[in-house]
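Numbering (full-length UniProt numbering), first residue to last: 1 to 248.
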């Protein structure tokens with residue numbers, strides 16, 4: 001009985017998903033993404049450290065430099081297109097609904113899909129730290145964050161691919177431009193330290209981006225709550241006045 005109800009709930013939930021993404025890679029079911037997330041956690045916390053236990057740290061600075069500067073380009077493209085097709089243009093900073101049509105303006109759904117691929121690629125960076133035996137960079141907080149992100153973005157793409165839900169990706173991609181520039185330069189070794197004086201500001205930038213996202217969600221909730229209360233009070237008062245007029 002419980003199993004049948006769970007299946008019915010699952011089917012009902014996915015009946016309300018965005019049909020435009022139904023046939024896209026990785027989007028037909030949450031399980032491939034879930035498996036990738038769980039595999040990532042297993043690799044960076046258990047398998048990777050076990051394989052590297054009796055080995056010297058790998059010198060993969062050239063690989064990390066290529067990866068990081070590639071991610072700078074990828075991050076910039078996502079930030080640029082989210083801006084051009086949304087946040088620098090017609091999107092409302094107060095409350096932007098999702099456009100579920102096939103209009104050119106709804107291209108944000110494709111950019112959101114690119115961001116989902118982006119989140120899969122990001123987890124590779126943590127594997128590099130394991131290969132270099134930099135386990136302090138693979139903290140539980142890092143693993144939880146990167147393990148949850150692909151699944152969170154998958155849900156957003158499946159049900160709300162566009163509108164206000166893209167604000168986090170928009171801001172986050174900008175932060176990642178700076179972050180991967182830093183990591184790319186740092187990969188060349190200590191001789192680049194003189195160019196990385198701005199490292200101390202990275203944490204502040206990340207905190208500001210998180211605050212901006214929280215504020216955007218708070219503003220959205222306030223607008224929805226205000227409208228709901230206004231409509232409720234308006235209808236309630238209208239009914240009371242109407243009843244009094246009928247009584248008289």
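Even glycine gets a Cβ: it sits at the ideal position worked out from N, Cα and C.
How about the stretch 154–168 and the stretch 12–23: do they share at least three Cβ pairs that are nearer than 8 Å? yes
C-beta contact flag for residue 150 and residue 13 at 8 Å: Here residue 150 is taken as the residue at index 150 of the chain shown, counted from 1. Here residue 13 is taken as the residue at index 13 of the chain shown, counted from 1. Contact: no.
Below 8 Å CB to CB, which residues in the same chain sit around residue 60 once its five sequence neighbours on both sides are set aside? Residue mapping note: residue 60 aligns to position 60 of the chain shown, counting from 1. Counting only Cβ-Cβ distances below 8 Å, and skipping sequence neighbours, we find 128, 131 and 132.
State the DSSP-derived secondary structure class of residue 35, mapped to helix, strand or coil. Within the chain shown, numbered from 1, the residue matching residue 35 stands at position 35. The answer is helix: DSSP assigns residue 35 an H, G or I state.
To the nearest angstrom, report how far apart residue 146 and residue 122 are at their CA atoms. Here residue 146 is taken as the residue at index 146 of the chain shown, counted from 1. Here residue 122 is taken as the residue at index 122 of the chain shown, counted from 1. Taking the straight line joining both Cα atoms gives about 8 Å.
Residue 28 to residue 163 span [Cα, whole Å]: On the chain shown, residue 28 is found 28 positions in, with the first residue counted as 1. On the chain shown, residue 163 is found 163 positions in, with the first residue counted as 1. Each residue's Cα considered, the two are about 22 Å apart.
Between the CA atoms of residue 35 and residue 208 - distance to the nearest angstrom: Sequence index remark: in the chain shown, residue 208 carries index 208 (1-based). Sequence index remark: in the chain shown, residue 35 carries index 35 (1-based). Going by the C-alpha atoms only, they are around 32 Å apart.
Within its chain, find whatever has a CB closer than 7 Å to the CB of residue 76; leave out the 5 residues flanking it on each side and keep chain order. Counting from 1 along the chain shown, the entry for residue 76 is found at position 76. Once the five neighbours on either side are set aside, the close Cβ partners of residue 76 are 177.
What's the gap between the Cα of residue 171 and the Cα of residue 125? Here residue 171 corresponds to residue number 171 of the chain shown, with the count starting at 1. Here residue 125 corresponds to residue number 125 of the chain shown, with the count starting at 1. One C-alpha to the other measures close to 20 Å.
Do residue 182 and residue 199 have their C-beta atoms closer together than 8 Å? Here residue 182 refers to the residue found at position 182 when the chain shown is read from its first residue. Here residue 199 refers to the residue found at position 199 when the chain shown is read from its first residue. Their beta carbons are under 8 Å apart, which means residue 182 touches residue 199 by this criterion.
Please report the distance separating the alpha-carbon of residue 87 from that of residue 174. Residue numbering aside, residue 87 sits at position 87 when the chain shown is read from its first letter. Residue numbering aside, residue 174 sits at position 174 when the chain shown is read from its first letter. Straight-line Cα distance between these residues: approximately 13 Å.
Buried or exposed for residue 192, please, with buried defined as at least 16 other CB atoms from any protein chain shown within 10 angstroms of its CB. One-based indexing of the chain shown puts residue 192 at position 192. It counts as exposed.
Within its chain, find whatever has a CB closer than 7 Å to the CB of residue 3; leave out the 5 residues flanking it on each side and keep chain order. Within the chain shown, numbered from 1, the residue matching residue 3 stands at position 3. Cβ within range, chain order: n/a, list empty.
For residue 188, report the span of its alpha helix (DSSP H) as first-last. Locating residue 188 in the chain shown gives position 188, counting from the first residue. Counting along the chain, residue 188 falls outside any alpha helix (DSSP H), and DSSP gives it neither H nor E.
Inter-residue Cα distance where the pair is residue 50 and residue 40: The residue given as residue 50 occupies position 50 in the chain shown. The residue given as residue 40 occupies position 40 in the chain shown. Straight-line Cα distance between these residues: approximately 14 Å.
Sequence-distant residues of the same chain with beta carbon closer than 7 Å to residue 65, five excluded per side: Translated into positions along the chain shown, residue 65 becomes position 65. Cβ neighbours of residue 65 beyond the five flanking positions: 184, 187 and 188.
Note down, in chain order, each residue of its chain lying with its Cβ closer than 8 Å to the Cβ of residue 180, except the 5 sequence neighbours on either side. Residue 180 sits at position 180 when you count from the first residue of the chain shown. Same-chain partners within the cutoff: 68, 69, 71, 72 and 75.
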